[in-house]
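K.L.:
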Amino acid sequence: PAELGPRGEYPNTCAPEWRVSNADLTSANFRSSALCDTVFENTSVSFAYFSSSTLARADFRTCSLVYTTFFNALLEGADFSNTQMNGVNLVRADARNASFSRAAMLLSAASNSDFTSADFSFTNLYRATLVNSSFILANLSHARLASSTLDHSDFTSAALPVALLQSASLASATLTSSTLTAANLNAATLPNANLSGTDLRYANLVNAILENATLSPTTTFRRANLTNAVLRGVDLTS
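The sequence shown stops at residue 1442 when you use my numbering, and every number in between is there.
(1) For my contact list, M1309 and V1292 are in at a C-beta cut-off of 8 Å; report their separation, rounded to the angstrom.
(2) T1378 and D1403 - do their beta-carbons sit closer together than 8 Å?
(3) Shortest alpha-carbon distance to E1280 belongs to which of A1252, T1327, L1239?
(4) Give the straight-line distance between the Cα atoms of A1227 and A1347, rounded to the nearest whole angstrom.
(5) Counting along the chain, where does the beta strand (DSSP E) carrying F1244 start and finish?
(6) Give the secondary structure of V1524 by DSSP, where H, G and I count as helix, E and B as strand, and everything else as coil.
(7) Which runs of the beta strand (DSSP E) spanning at least 3 residues fall entirely within the stretch 1266-1313, listed in chain order?
(8) When burial is assigned at 16 or more other CB atoms within 10 Å of the CB, is P1365 buried or exposed?
(9) Taking the alpha-carbon of R1154 as reference, which of S1248, A1375, R1426 has the nearest alpha-carbon?
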């Protein structure tokens, strides 16, 4: 591991790979730390702080990160697969190409964050708040987003087949060219959402609100269930 500075701070540049195994780092403070490629193995770092830290390609698989803060952190290529992350703070995080596959992220929060090309397949994001964030080209296949708030987020070309989005809020979200095949959008709210070129085949849109949403000739609703859906003011001219 890298040597600490004179005041006990971590260096500003990424050190060679660290490995932390079977440790308890609950409530630890790693603010502004350089921890690229660090491997956290079977480690509890719940209620910890990684704000403004550099954690590119860090490996947190199988760790507990419950109520941990990654505000303004660099998480590009980090691996959070199968991690307990309930209540985590990812506001302003750069998590491009990161993996959150099968992680538990209930009640988590992220706004103004970049999840471009990230993997959220089979991730549980129940009641998460993920507003004004980029999910461009992200994989959210089978993700559980029930009752989550995703307003103003960009899901352009994202994959959301079989995603659970019942009662989710997607106001003014961009879903251009995204795939929502067989997704569950029961009672979801999508006012002013952009659904141009979106694939909604076999989707459940019962009681969904698509008021003033933008569709296009390539938006596909084949065999979707639109029972009691609200389509008032929908724009079909794009």
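Beta carbons: idealized from backbone N, C-alpha and C, even for Gly.
P.N.:
Taking the definition as stated:
(1) Your numbering for residue 1309 matches position 105 in the sequence shown. Your numbering for residue 1292 matches position 88 in the sequence shown. That belief holds up - the Cβ atoms of M1309 and V1292 are roughly 6 Å apart, short of 8 Å.
(2) Your numbering for residue 1403 matches position 199 in the sequence shown. Your numbering for residue 1378 matches position 174 in the sequence shown. No, the pair does not count as a contact, with Cβ atoms beyond the cut-off.
(3) On the sequence shown, residue 1280 is found 76 positions in, with the first residue counted as 1. Nearest option by C-alpha distance: L1239.
(4) Position 23 of the sequence shown holds residue 1227. Position 143 of the sequence shown holds residue 1347. If you take the alpha carbons of A1227 and A1347, they lie about 30 Å apart.
(5) On the sequence shown, position 40 is the one that residue 1244 refers to. Its beta strand (DSSP E) spans residues 1243-1245.
(6) Residue 1524 cannot be examined here, being either before or after the span of the chain that is shown, 1205 to 1442.
(7) none
(8) Counted from its first residue, the sequence shown places residue 1365 at position 161. Result: buried.
(9) No information on residue 1154 is available, as it lies outside the stretch 1205 to 1442 that the chain covers here.
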